[in-house]
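Novice: Sharing a structure with you now.
There are 4 protein chains.
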Amino acid sequence: MTRRADMTRLRQAVLDANLQLHRRGLALFTFGNASAVDRACGLIVIKPSGVPYDELTADSLVVTDLEGRTIEGSHRASSDLPTHLALYRGFAGIGGVVHTHSHFATAWAQACREIPCLGTTHADYFHGPVPLTSPLRPEQIAADYEANTGGAIVRRFAELDPEHVPAVLVAGHASFCWGGTVAAAVETASLLEEVARMAYHTMMLNPAAAPLGDELRDRHFFRKHGAGAYYGQSKG
Amino acid sequence: MTRRADMTRLRQAVLDANLQLHRRGLALFTFGNASAVDRACGLIVIKPSGVPYDELTADSLVVTDLEGRTIEGSHRASSDLPTHLALYRGFAGIGGVVHTHSHFATAWAQACREIPCLGTTHADYFHGPVPLTSPLRPEQIAADYEANTGGAIVRRFAELDPEHVPAVLVAGHASFCWGGTVAAAVETASLLEEVARMAYHTMMLNPAAAPLGDELRDRHFFRKHGAGAYYGQSKG
Amino acid sequence: MTRRADMTRLRQAVLDANLQLHRRGLALFTFGNASAVDRACGLIVIKPSGVPYDELTADSLVVTDLEGRTIEGSHRASSDLPTHLALYRGFAGIGGVVHTHSHFATAWAQACREIPCLGTTHADYFHGPVPLTSPLRPEQIAADYEANTGGAIVRRFAELDPEHVPAVLVAGHASFCWGGTVAAAVETASLLEEVARMAYHTMMLNPAAAPLGDELRDRHFFRKHGAGAYYGQSKG
Amino acid sequence: MTRRADMTRLRQAVLDANLQLHRRGLALFTFGNASAVDRACGLIVIKPSGVPYDELTADSLVVTDLEGRTIEGSHRASSDLPTHLALYRGFAGIGGVVHTHSHFATAWAQACREIPCLGTTHADYFHGPVPLTSPLRPEQIAADYEANTGGAIVRRFAELDPEHVPAVLVAGHASFCWGGTVAAAVETASLLEEVARMAYHTMMLNPAAAPLGDELRDRHFFRKHGAGAYYGQSKG
Numbered sequence: 231m232t233r234r235a236d237m238t239r240l241r242q243a244v245l246d247a248n249l250q251l252h253r254r255g256l257a258l259f260t261f262g263n264a265s266a267v268d269r270a271c272g273l274i275v276i277k278p279s280g281v282p283y284d285e286l287t288a289d290s291l292v293v294t295d296l297e298g299r300t301i302e303g304s305h306r307a308s309s310d311l312p313t314h315l316a317l318y319r320g321f322a323g324i325g326g327v328v329h330t331h332s333h334f335a336t337a338w339a340q341a342c343r344e345i346p347c348l349g350t351t352h353a354d355y356f357h358g359p360v361p362l363t364s365p366l367r368p369e370q371i372a373a374d375y376e377a378n379t380g381g382a383i384v385r386r387f388a389e390l391d392p393e394h395v396p397a398v399l400v401a402g403h404a405s406f407c408w409g410g411t412v413a414a415a416v417e418t419a420s421l422l423e424e425v426a427r428m429a430y431h432t433m434m435l436n437p438a439a440a441p442l443g444d445e446l447r448d449r450h451f452f453r454k455h456g457a458g459a460y461y462g463q464s465k466g
Numbered sequence: 231m232t233r234r235a236d237m238t239r240l241r242q243a244v245l246d247a248n249l250q251l252h253r254r255g256l257a258l259f260t261f262g263n264a265s266a267v268d269r270a271c272g273l274i275v276i277k278p279s280g281v282p283y284d285e286l287t288a289d290s291l292v293v294t295d296l297e298g299r300t301i302e303g304s305h306r307a308s309s310d311l312p313t314h315l316a317l318y319r320g321f322a323g324i325g326g327v328v329h330t331h332s333h334f335a336t337a338w339a340q341a342c343r344e345i346p347c348l349g350t351t352h353a354d355y356f357h358g359p360v361p362l363t364s365p366l367r368p369e370q371i372a373a374d375y376e377a378n379t380g381g382a383i384v385r386r387f388a389e390l391d392p393e394h395v396p397a398v399l400v401a402g403h404a405s406f407c408w409g410g411t412v413a414a415a416v417e418t419a420s421l422l423e424e425v426a427r428m429a430y431h432t433m434m435l436n437p438a439a440a441p442l443g444d445e446l447r448d449r450h451f452f453r454k455h456g457a458g459a460y461y462g463q464s465k466g
Numbered sequence: 231m232t233r234r235a236d237m238t239r240l241r242q243a244v245l246d247a248n249l250q251l252h253r254r255g256l257a258l259f260t261f262g263n264a265s266a267v268d269r270a271c272g273l274i275v276i277k278p279s280g281v282p283y284d285e286l287t288a289d290s291l292v293v294t295d296l297e298g299r300t301i302e303g304s305h306r307a308s309s310d311l312p313t314h315l316a317l318y319r320g321f322a323g324i325g326g327v328v329h330t331h332s333h334f335a336t337a338w339a340q341a342c343r344e345i346p347c348l349g350t351t352h353a354d355y356f357h358g359p360v361p362l363t364s365p366l367r368p369e370q371i372a373a374d375y376e377a378n379t380g381g382a383i384v385r386r387f388a389e390l391d392p393e394h395v396p397a398v399l400v401a402g403h404a405s406f407c408w409g410g411t412v413a414a415a416v417e418t419a420s421l422l423e424e425v426a427r428m429a430y431h432t433m434m435l436n437p438a439a440a441p442l443g444d445e446l447r448d449r450h451f452f453r454k455h456g457a458g459a460y461y462g463q464s465k466g
Numbered sequence: 231m232t233r234r235a236d237m238t239r240l241r242q243a244v245l246d247a248n249l250q251l252h253r254r255g256l257a258l259f260t261f262g263n264a265s266a267v268d269r270a271c272g273l274i275v276i277k278p279s280g281v282p283y284d285e286l287t288a289d290s291l292v293v294t295d296l297e298g299r300t301i302e303g304s305h306r307a308s309s310d311l312p313t314h315l316a317l318y319r320g321f322a323g324i325g326g327v328v329h330t331h332s333h334f335a336t337a338w339a340q341a342c343r344e345i346p347c348l349g350t351t352h353a354d355y356f357h358g359p360v361p362l363t364s365p366l367r368p369e370q371i372a373a374d375y376e377a378n379t380g381g382a383i384v385r386r387f388a389e390l391d392p393e394h395v396p397a398v399l400v401a402g403h404a405s406f407c408w409g410g411t412v413a414a415a416v417e418t419a420s421l422l423e424e425v426a427r428m429a430y431h432t433m434m435l436n437p438a439a440a441p442l443g444d445e446l447r448d449r450h451f452f453r454k455h456g457a458g459a460y461y462g463q464s465k466g
């Protein structure tokens, strides 16, 4: 496939992902944005800033390089672009990033609590708690705020594998999710919201609820991920 | 445009706003009402009292002057008209007012707690907590109740900027929102409900959750408002 | 109008009311039932027992006298018929009764707590708390259970006006609502659910939340009810 | 009817049940599965693993024997098949099994609390609390995890009648429901979710809420079940 055809496909995938955020109730108004990277070309496709979902088209998306310079498009890119860029640079294996203010994930982020792994629904998708970033210092907010948000996320994963825990809560703000493709990142965002809501109701019923034991967490995560997976239909 | 055309447009905007309250689930039955002011003419367009949303037409709206005297319309104006009038007189910069009993905003008003600014979703729209009025005294309830409600709101904003905090909780009652236009007031009402719901779940997860620091609150509010705004597409 | 035409109209009203319970999400499966009385004829129209809402027709409704003897209809009447009968006999001014297991009203009934009047949304419809019945004694459960449920409700209203407080919580069970017509009873059931949900979230935010003062409660209730009402359009 | 016609009917019932799980919001993505048994043939029909609900057809279902050996179908059976098999072997009277991660039932399972019988809605369907299994030991997770989950459920019912309590919570995981048919199991799953949600809100309102007394619990359960039932229309 030509580079042009690749970009057309990537634009379509990013458009679909942004519309999915809206349809699944993960993004109110213009909150939330999705992007994808073409690693071979070094190009990113991202939602334009503040454009309502029902006015979004593949053509209105913005294409930038990995430094955030606009390559194609007449709109201004999402103001969260520098956070997406930091994630693409910091996590070499990911192909798509999604940011939403989905309700329950945001409540945990505002409460400054990570989401503990309380059950198998969580363990099917996240190998351990969904972590929380450290708060930014005033000078990190004053300048390059969005890039510094990305930096805080990447630092939080210094000892975590972003492919085993494909989401994070930014303290006082909301969540970012990622995946091999932007469609996978949207699915993760959707799951994160349900897992956050389940964990909320669990903690209300039992504030001392214990995280799943390591054996059960591993069993569920690796039932769906990696070489020993046996969930779903065999791919070959 | 002629004065007649202006009023036709304003009626349509007020009709749309009232219907939006219903469609967005902010108003059950006939609870909730929206109005707009034409400052040049000194005229207000407001929902008639107790008319179901599906019977509402542009013609059934009521036009009054700033003293609340009916200028056009055969229906009785919303019983909350005196509160709207007090807001138009007290807040010179606003063009529309919305009153709803939306669920979570009303829960905070009934709990007699202001909504703290716990995250960036809140700070994007409200520069600080959503304040709570003082309770009315018995004699303020006995006579001119609705006008006194408006007075309590305006007094609450003695040291607040109504354009930076475009909503209020009336103790034991519900919320009022406003904006440059009635459409903006509806958007604020919709956001207030989501922010109130997020703050509710945050406080349940962490009753000691701290408000956002000043730097992050300012960063988000002024990213969308004022001369330094850089969210969305440039307007010119 | 002839007696036959009256009954046809009443059947239609009861059919509509039962379908409304389902459409408004107040009744899952076959939980919930609505009835109306024709005081002149001494006849009651009520939902048949356990018939799914989508199979319900005006013809499938059951007509009984005030002793509960079937006058028309080939189906068995709702098993809650004796409760409805007790309410029609005990509350002379009512024309319709609705029973639902709507979610939040049932949670209060199961928690064995009356719903305090915490705000004006409540006071617009209920002049004071929504009361809770005393539990039945074992022998009242063993025989004539449904009639005894009705008796417990009527006794609870010994010093309350059923037209000013048109709903009750039956301890450990669910709610009954009533009104001048069966359509009014459905509207009350719908409001009770919203008021119960608002009171729930209010009590979670502030377990010490105080009921509305008498002046504000009276102001709102009598703004909509009685000789001094000024909400809505004048009827004559 | 021939054996072939029986199996065609059973496939259709299992397909309908799986689609119902999705339509009723009990199963997100591919979580959740339903199966049925033909006791005469010793055959089970079950959902294939990880197939999205909108791609599911009667032909894509998997038929196995009671040892889990595939008899018909080119897909891999649900990874939860061994749990279903253990239930069919352990509970001789059941004809269908449903597994979901429905929201509130899962929250109770994650909180490791059984659902107390707090009201008549619960007692209409479950004769007592919905029980919780004991946690599996590490070696039970390491090998034959899904079969051991089934074993834990059957052991939990050593002194319970699975026809009187047709559901269970698996600690840290989610719920399983069963019934005479797979359609009955789906109805139970739907009710379990509502009962779990009601019990949640009840416990929040009153953490010391007491279970229903034995008389009222029995009255409601046996109003709908067994020889003395008088709810619904007589069947003959």
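Residue numbers (the working numbering), protein chains in the order written: chain B, 231 to 466; chain C, 231 to 466; chain L, 231 to 466; chain P, 231 to 466. Glycine included, C-beta positions come from ideal geometry on N, C-alpha and C.
1) Pop quiz: residue 351 (chain C) and residue 336 (chain B) are said to be a contact at Cβ under 8 Å. What is the actual Cβ separation, rounded to whole angstroms?
2) Is it right to say residue 396 (chain L) is buried, meaning 16 or more other beta carbons lie within 10 angstroms of its own, or is it exposed?
3) Taking residue 448 (chain B) as part of the beta strand (DSSP E), name the residues at either end of that continuous run.
4) Would you report the Cα separation of residue 323 (chain L) and residue 393 (chain L), rounded to the nearest angstrom?
5) The beta strand (DSSP E) that contains residue 420 (chain C), what's its start and end?
6) State the Cα-Cα distance for the pair residue 368 (chain B) and residue 439 (chain C), rounded to the nearest angstrom.
7) Below 8 Å on the Cβ atoms is my guess for residue 283 (chain C) versus residue 249 (chain C); work out the distance and round it to an integer in Å.
8) Name, please, each residue of chain B whose Cβ falls closer than 8 Å to the Cβ of residue 237 (chain C).
9) Against chain P, does residue 456 (chain B) count as a neighbour if the rule is that its beta carbon must be under 8 Å from one of theirs?
10) Within the continuous alpha helix (DSSP H) that includes residue 246 (chain L), where are the two ends?
11) Listing by chain order, which chain L residues have their CB less than 9 Å from the CB of residue 387 (chain C)?
12) Quick one: is residue 386 (chain B) buried, meaning 16 or more other Cβ sit within 10 Å of its Cβ, or exposed?
13) Between the C-alpha atoms of residue 267 (chain L) and residue 463 (chain B), what's the straight-line distance to the nearest angstrom?
14) Identify whether residue 280 (chain B) lies in helix, strand or coil by the three-state DSSP scheme.
15) Could I get the ranges of all uninterrupted alpha helix (DSSP H) runs contained in the segment 295 to 338 of chain L, with 4 residues as the minimum, in chain order?
16) For chain L, check one thing: does any of its Cβ atoms lie closer than 8 Å to the Cβ of residue 334 (chain C)?
17) Report all residues from its chain with a CB closer than 6 Å to the CB of residue 320 (chain L); omit the five preceding and five following residues, and keep chain order.
18) Run through DSSP, which three-state label would residue 405 (chain P) get?
19) Residues of the segment 372 to 405 of chain L with a CB closer than 8 Å to any CB of chain P: list them in chain order, please.
20) Look at the Cβ atom of residue 435 (chain P), then the Cβ atom of residue 338 (chain P), and state whether they are nearer than 8 Å.
21) Would you kindly report the start and end of the unbroken beta strand (DSSP E) that includes residue 459 (chain B)?
22) DSSP has residue 398 (chain B) in a bridge; who is on the other side?
23) Quick check: residue 331 (chain C) and residue 261 (chain C), are their CB atoms within less than 8 Å of each other?
24) Closer than 8 Å between beta carbons: that is the criterion. Which residues of the segment 279 to 308 of chain L meet it against chain P?
25) When the cut-off is 8 Å and only beta carbons count, does residue 249 (chain B) lie next to chain P?
26) If you draw a straight line from the alpha carbon of residue 272 (chain C) to that of residue 281 (chain C), how long is it in whole angstroms?
27) Can you tell me whether DSSP reads residue 391 (chain B) as helix, strand or coil?
28) Within 8 Å of any Cβ in chain L, is that where the Cβ of residue 431 (chain P) sits?
29) Rounded to whole angstroms, what's the CA-CA distance from residue 420 (chain B) to residue 342 (chain L)? Just pull it up for me.
30) CA-CA distance, residue 448 (chain L) and residue 243 (chain L)?
31) Quick one: list the residues of chain C neighbouring residue 445 (chain L), beta-carbon separation under 7 Å, in chain order.
32) Going by the DSSP bridge assignment, what does residue 286 (chain B) pair with across the sheet?
33) In three-state DSSP terms, what is residue 373 (chain B)?
34) Could you tell me which residues DSSP pairs with residue 362 (chain L) in its beta bridges?
35) Looking at the C-beta of residue 318 (chain L), does it have a partner C-beta in chain C at a distance below 8 Å?
36) Give me the DSSP bridge partner(s) of residue 273 (chain C).
Specialist: The relevant details are as follows:
1) What you label residue 351 (chain C) is simply residue 121 of the second sequence in a count that begins at 1. What you label residue 336 (chain B) is simply residue 106 of the first sequence in a count that begins at 1. At roughly 6 Å, the Cβ-Cβ gap stays under 8 Å, so residue 351 (chain C) and residue 336 (chain B) are in contact.
2) The residue given as residue 396 (chain L) occupies position 166 in the third sequence. Classification for residue 396 (chain L): buried.
3) Position 218 of the first sequence holds residue 448 (chain B). Per DSSP, residue 448 (chain B) lies in no beta strand (DSSP E); the unbroken alpha helix (DSSP H) holding it starts and ends at 444 to 454.
4) Against the third sequence, residue 323 (chain L) aligns to sequence position 93. Against the third sequence, residue 393 (chain L) aligns to sequence position 163. Here the alpha carbon of residue 323 (chain L) sits roughly 8 Å from the alpha carbon of residue 393 (chain L).
5) Along the second sequence, one-based indexing puts residue 420 (chain C) at 190. Counting along the chain, residue 420 (chain C) falls outside any beta strand (DSSP E), though it belongs to the alpha helix (DSSP H) covering 412 to 435.
6) Within the first sequence, residue 368 (chain B) is the residue found at index 138, counting from 1. Within the second sequence, residue 439 (chain C) is the residue found at index 209, counting from 1. If you draw a straight line from the Cα of residue 368 (chain B) to the Cα of residue 439 (chain C), it is about 19 Å long.
7) Translated into the one-based positions of the second sequence, residue 283 (chain C) becomes position 53. Translated into the one-based positions of the second sequence, residue 249 (chain C) becomes position 19. Between residue 249 (chain C) and residue 283 (chain C) the Cβ distance is about 6 Å, and since that is below 8 Å, they are a contact.
8) Residue mapping note: residue 237 (chain C) aligns to position 7 of the second sequence, counting from 1. Per Cβ cutoff of 8 Å: no residues; residue 237 (chain C) is ~28 Å from chain B at best.
9) For this step, residue 456 (chain B) is matched to residue 226 along the first sequence. Between residue 456 (chain B) and chain P, the shortest Cβ-Cβ separation is not below 8 Å.
10) To locate residue 246 (chain L), count along the third sequence from 1; it is residue 16. For residue 246 (chain L), the enclosing alpha helix (DSSP H) stretches over residues 233 to 253.
11) On the second sequence, position 157 is the one that residue 387 (chain C) refers to. Per Cβ cutoff of 9 Å: no residues; residue 387 (chain C) is ~21 Å from chain L at best.
12) The residue given as residue 386 (chain B) occupies position 156 in the first sequence. With a 10 Å radius around the Cβ and a threshold of 16 neighbouring Cβ atoms, residue 386 (chain B) comes out buried.
13) The sequence position of residue 267 (chain L) within the third sequence is 37, counting from 1. The sequence position of residue 463 (chain B) within the first sequence is 233, counting from 1. Cα to Cα, residue 267 (chain L) sits roughly 60 Å from residue 463 (chain B).
14) Counted from its first residue, the first sequence places residue 280 (chain B) at position 50. Of the three classes helix, strand and coil, the one that applies to residue 280 (chain B) here is coil, per DSSP.
15) Runs of the alpha helix (DSSP H) inside the segment 295 to 338 of chain L: 311 to 320.
16) Working through the second sequence from its first residue, we reach residue 334 (chain C) at position 104. Interface residue, yes.
17) Walking along the third sequence from the start, residue 320 (chain L) turns up at place 90. Result list for residue 320 (chain L): 384, in chain order.
18) Here residue 405 (chain P) refers to the residue found at position 175 when the fourth sequence is read from its first residue. Assignment of residue 405 (chain P) by DSSP, reduced to helix, strand and coil, places it in the strand class.
19) Here the close residues are 372, 375, 402, 403, 404.
20) If you number the fourth sequence from 1, residue 435 (chain P) lands on position 205. If you number the fourth sequence from 1, residue 338 (chain P) lands on position 108. For residue 435 (chain P) and residue 338 (chain P), no; Cβs fall outside 8 Å.
21) In the first sequence, counting from the first residue as 1, residue 459 (chain B) sits at position 229. From DSSP, residue 459 (chain B) is part of no beta strand (DSSP E); its letter is neither H nor E.
22) Taking the first sequence and counting its residues from 1, one reaches residue 398 (chain B) at position 168. Looking at the DSSP assignment, residue 398 (chain B) forms a beta bridge with B:406.
23) Within the second sequence, numbered from 1, the residue matching residue 331 (chain C) stands at position 101. Within the second sequence, numbered from 1, the residue matching residue 261 (chain C) stands at position 31. With contacts defined as CB atoms closer than 8 Å, residue 331 (chain C) and residue 261 (chain C) qualify as a contacting pair.
24) The segment 279 to 308 of chain L vs chain P, Cβ under 8 Å: 279, 280, 281, 305, 306.
25) For this step, residue 249 (chain B) is matched to residue 19 along the first sequence. At least 8 Å separates the CB of residue 249 (chain B) from every CB of chain P.
26) For this step, residue 272 (chain C) is matched to residue 42 along the second sequence. For this step, residue 281 (chain C) is matched to residue 51 along the second sequence. Between the alpha carbons of residue 272 (chain C) and residue 281 (chain C) lies a gap of roughly 25 Å.
27) As a working mapping, residue 391 (chain B) is identified with position 161 in the first sequence. Coil.
28) Counting from 1 along the fourth sequence, the entry for residue 431 (chain P) is found at position 201. Answer yes: the Cβ-Cβ gap between residue 431 (chain P) and chain L drops below 8 Å somewhere.
29) Counting from 1 along the first sequence, the entry for residue 420 (chain B) is found at position 190. Counting from 1 along the third sequence, the entry for residue 342 (chain L) is found at position 112. If I take the Cα positions, the gap works out to 37 Å.
30) Position 218 of the third sequence, counting from 1, holds the residue named residue 448 (chain L). Position 13 of the third sequence, counting from 1, holds the residue named residue 243 (chain L). Straight-line Cα distance between these residues: approximately 31 Å.
31) Your numbering for residue 445 (chain L) matches position 215 in the third sequence. The answer, in chain order, is 368, 371, 372.
32) By one-based count along the first sequence, residue 286 (chain B) stands at place 56. In DSSP, residue 286 (chain B) forms no bridge with anything.
33) On the first sequence, residue 373 (chain B) is found 143 positions in, with the first residue counted as 1. Three-state DSSP puts residue 373 (chain B) in coil, outside helix and strand.
34) Locating residue 362 (chain L) in the third sequence gives position 132, counting from the first residue. In the DSSP output, where bridge partners are listed per residue, residue 362 (chain L) has L:399.
35) Here residue 318 (chain L) is taken as the residue at index 88 of the third sequence, counted from 1. False, the Cβ-Cβ gap to chain C never drops below 8 Å.
36) Within the second sequence, numbered from 1, the residue matching residue 273 (chain C) stands at position 43. When DSSP reads this structure, residue 273 (chain C) sits in a beta bridge with C:268, C:295.
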